[in-house]
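Each remark here refers to the structure printed beneath this line.
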Amino acid sequence: LLFKAEALNELNGPNQESVNLINEIRKRAFGLGVSLPSETILDEGFDEELEGNALGAFTLNNYQDQIAAWTYDVDKTGVFGSGNALHVKVANSGSEFWALQVRADNQPIKKGRNYTVSFKVKASKDVTFDFKAEGPLAHSQTVTLKANEAKELTFDTAAGTADGNCVIFFALGATENNYDIWFDSVNLIMKEQAAAGGDKYLVKLSDFPDKGSLRDWILKERGWEFWYEGKRREDLIRTGKYIEVGSSLGDNFTSKNLLFPIPTHVLIENPNIKQNTGY
Numbered sequence: 164l165l166f167k168a169e170a171l172n173e174l175n176g177p178n179q180e181s182v183n184l185i186n187e188i189r190k191r192a193f194g195l196g197v198s199l200p201s202e203t204i205l206d207e208g209f210d211e212e213l214e215g216n217a218l219g220a221f222t223l224n225n226y227q228d229q230i231a232a233w234t235y236d237v238d239k240t241g242v243f244g245s246g247n248a249l250h251v252k253v254a255n256s257g258s259e260f261w262a263l264q265v266r267a268d269n270q271p272i273k274k275g276r277n278y279t280v281s282f283k284v285k286a287s288k289d290v291t292f293d294f295k296a297e298g299p300l301a302h303s304q305t306v307t308l309k310a311n312e313a314k315e316l317t318f319d320t321a322a323g324t325a326d327g328n329c330v331i332f333f334a335l336g337a338t339e340n341n342y343d344i345w346f347d348s349v350n351l352i353m354k355e356q357a358a359a360g361g362d363k364y365l366v367k368l369s370d371f372p373d374k375g376s377l378r379d380w381i382l383k384e385r386g387w388e389f390w391y392e393g394k395r396r397e398d399l400i401r402t403g404k405y406i407e408v409g410s411s412l413g414d415n416f417t418s419k420n421l422l423f424p425i426p427t428h429v430l431i432e433n434p435n436i437k438q439n440t441g442y
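Counted the way the working numbering counts, the sequence shown spans residues 164 to 442.
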């Protein structure tokens with residue numbers, strides 16, 4: 164794993180795959196065991212039929228009905244290539260962001276766990292709206308669309324602050340008037356992560372500003388692994404670090420230590436062979 168991480172760094176500089184390979188080693192070394200698994204909390208494809216203002220896990224709520232106005236239905240024309248989509252026709256978006264909400268309540272959240280949100284969206288005109296999460300998972304993400312541009316968005320949230328239920332919603336209030344917007348494939352996923360307290364033992368891509376810093380860290384990781392296997396010396400020689408590292412640990416380290424002395428009996432048997440320098 165570490166040699167692969169080294170090769171990827173030499174080819175591409177600091178990269179996430181090299182960091183992941185290093186962390187595989189560190190998880191084993193620090194006894195982190197299996198990471199806390201990923202879990203899908205919400206996977207809504209809008210494949211059901213509308214029941215009043217409810218469609219699957221979502222409800223469509225007009226909290227400013229004296230001003231705001233909209234209609235909605237299930238679009239079965241494959242607006243995102245295939246399958247159904249939620250279609251909302253906004254006539255008047257009201258005066259507050261909270262006026263029109265496409266929302267999913269009671270999404271279970273765990274304290275300390277991180278989450279990823281993804282969805283597909285398309286609008287008939289230029290529009291900007293917010294995705295929001297409230298409760299033990301708090302997040303706000305501004306989404307800007309160009310007319311008739313289909314987007315598939317993915318973003319991470321902060322960690323949950325407590326065990327409990329949160330609400331997620333698309334806030335269509337105070338956006339634009341007289342436009343259509345479609346949603347599909349709305350996902351809320353609890354991310355895989357190390358068990359509590361384990362993250363402090365893991366390295367991050369941001370720890371390595373350049374190729375040299377990651378190269379040195381990989382050499383250090385291999386040093387811990389090779390120390391009791393008797394292979395540390397050869398690895399340092401291979402990477403040109405043997406004299407530098409040895410000199411930092413002892414006073415009489417010189418270039419002669421790159422080679423072992425030729426045995427005396429070999430020199431006696433063949434006088435044409437010269438002893439290695441320094442011996």
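By construction, the Cβ of each residue, glycine as well, lies at the ideal position given by its N, Cα and C atoms.
*Three or more beta-carbon pairs under 8 Å between the segment 285 to 305 and the segment 225 to 232, yes or no?*
no
*Just the Cα atoms here: how many angstroms apart are N186 and T320?*
22 Å
*asked:* Taking the straight line between their C-alpha atoms, what separation do you get for W390 and V349?
replied: 49 Å
*Taking the C-alpha atoms as reference points, what is the distance between L335 and A325?*
A direct Cα-to-Cα measurement between L335 and A325 gives close to 28 Å.
*Report buried or exposed for W380, applying the criterion of at least 16 other Cβ atoms within 10 angstroms of its Cβ.*
By the 10 Å Cβ count, W380 comes out buried.
*Secondary structure at R276, three-state DSSP: helix, strand or coil?*
coil
*Going along the chain, which residues of its own chain have a beta-carbon closer than 7 Å to the beta-carbon of T402, five neighbours each way excluded?*
L382
*Identify the continuous alpha helix (DSSP H) that holds W169 and give its terminal residues.*
First, the residue type needs correcting, since residue 169 is Glu and not Trp in the sequence shown. Judged by DSSP secondary structure, E169 falls within the alpha helix (DSSP H) whose first and last residues are 165 to 175.
*Would V429 be called buried (16 or more neighbouring beta carbons within 10 Å of its own) or exposed?*
Flag for V429 reads exposed.
_Inter-residue Cα distance where the pair is E315 and K288_ = 17 Å
*For S181 and R189, the rounded distance between their alpha carbons*: 13 Å
*May I ask which residues mark the beginning and end of the alpha helix (DSSP H) holding I425?*
Segment: none, I425 is in no alpha helix (DSSP H) and carries neither H nor E.
*Determine the direct distance from the alpha carbon of K419 to that of P426, and round the result to whole angstroms.*
15 Å
*Identify which residue in F333, R266, R276 has its Cα closest to the Cα of Q356.*
Cα-wise, what sits closest to Q356 is R276.
*asked:* For F243 and D347, which I take to be in contact (beta-carbon distance under 8 Å), what is that distance rounded to the nearest angstrom?
replied: 5 Å
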